[in-house]
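Asker: Counted the way this note's numbering counts, the sequence shown spans residues 3 to 188.
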Amino acid sequence: MRSMVESGQKKPNLYLIGFMGTGKSSIGRGLASRLDMTFIDSDHAIEENEGRSIPDIFASEGEAHFRKLEKAFVENGHPDHGCIVACGGGLVTQPGMIDAIKSRGLVACLFAKPETILSRTAGNRNRPLLNVDNPEEKIRKLMAEREKFYLQAGLCMITDHRSMLEVISHLERYYQRESKKAKRSE
Ligand SMILES: Nc1ncnc2c1ncn2[C@@H]1O[C@H](COP(=O)(O)OP(=O)(O)O)[C@@H](O)[C@H]1O
Ligand SMILES: O=C(O)C1=C[C@@H](OP(=O)(O)O)[C@@H](O)[C@H](O)C1
Ligand SMILES: [Mg+2]
3 MRSMVESGQK
13 KPNLYLIGFM
23 GTGKSSIGRG
33 LASRLDMTFI
43 DSDHAIEENE
53 GRSIPDIFAS
63 EGEAHFRKLE
73 KAFVENGHPD
83 HGCIVACGGG
93 LVTQPGMIDA
103 IKSRGLVACL
113 FAKPETILSR
123 TAGNRNRPLL
133 NVDNPEEKIR
143 KLMAEREKFY
153 LQAGLCMITD
163 HRSMLEVISH
173 LERYYQRESK
183 KAKRSE
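1) Extract the residue ranges of the beta strand (DSSP E) inside the stretch 54-106, only unbroken runs of 3 or more that lie entirely within it.
2) Evaluate residue 106 with the Cβ neighbour count: other Cβ atoms within 10 Å of its Cβ, from every protein chain shown; 16 or more gives buried, anything less gives exposed.
3) What is the residue span of the beta strand (DSSP E) that residue 135 lies within?
4) How about residue 37 and residue 100: do their beta carbons lie closer than 9 Å?
5) I need the straight-line Cα distance from residue 103 to residue 15, nearest angstrom please.
6) Measuring from the CB of residue 103, is there a heavy atom of ligand 1 at a distance below 8 Å?
7) Using a Cβ-based criterion (distance less than 8 Å to any ligand heavy atom), does residue 130 qualify as near ligand 2?
8) If contacts are defined as beta-carbon pairs under 8 Å, then residue 120 and residue 138 qualify, I think. What distance do you get, rounded to the angstrom?
9) If you pair each beta-carbon of the stretch 169-185 with each one of the stretch 25-35, do three or more pairs fall below 8 Å?
10) Give me the Cα-Cα distance between residue 116 and residue 66, rounded to the nearest whole angstrom.
11) Should residue 140 be listed as close to ligand 1, given that the test is whether its C-beta is under 8 Å from any heavy atom?
12) Classify residue 13: buried if its beta carbon has 16 or more other beta carbons within 10 angstroms, exposed otherwise.
13) Just to check, is the beta-carbon of residue 22 closer than 8 Å to a non-hydrogen atom of ligand 2?
14) Using a threshold of 8 Å, is the CB atom of residue 61 nearer than that to any non-hydrogen atom of ligand 3?
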């Protein structure tokens, strides 16, 4: 992570990564309010910039185009400090993206079992990758492909059977500890 001196002693960003339905967006919002930081969701930022929804972007230009928009968001589409950033689940799967977010702040990954993910995402058609005949099979396949990226986070946390408040409190302690360490290492 960039030094606190370079970032002007400002609060480093915290990036929440992990599979769809692990809680990045909901937990990120609660955490930002606890830590008095700005909340940014990469999906919402992209939708706002493009003026259309993620399903529309996938349908009209395809997943590869959406991944380019995610890359642009990471590289120059958000502030470099003071933010809790909920990343779309596939954002870290492109080459160089994990290093790019690690160079900009702390990274925590949320995990959940495929069954939990299925129940948390069922009834919501906003995730085009899960609009398939057998979403559970798709979740297992994508998870296996993506695990190597998710495991590179500074903190990995299993969220099954944990309330959102428990997850938020754990992440709050992680952020406070790690951001203090970064400050002390100056
Ligand atoms: N720890 C949790 N326990 C129960 N439900 C959760 C938990 N974390 C998230 N959820 C629910 O799961 C759904 C998906 O959460 P969301 O924040 O959109 O995930 P993501 O951004 O990772 O795709 C939401 O309805 C949210 O309220
Ligand atoms: O895992 C993915 O590839 C995706 C995750 C989604 O975000 P969430 O992880 O917030 O659901 C969204 O970016 C898009 O539907 C693609
Ligand atoms: Mg989300």
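C-beta atoms are modelled at their ideal positions from N, C-alpha and C, and glycine is treated no differently.
Answerer: Looking at the atomic coordinates:
1) 85-88
2) buried
3) Membership of residue 135 in any beta strand (DSSP E) is not indicated, and neither H nor E is assigned to it by DSSP.
4) Going by C-beta atoms, residue 37 is not nearer than 9 Å to residue 100.
5) 9 Å
6) Every heavy atom of ligand 1 is 8 Å or more from the Cβ of residue 103, so no.
7) yes
8) 5 Å
9) yes
10) 24 Å
11) no
12) Residue environment: residue 13 is assigned as buried (16 or more neighbouring CB atoms within 10 Å of its CB, all protein chains considered).
13) yes
14) no
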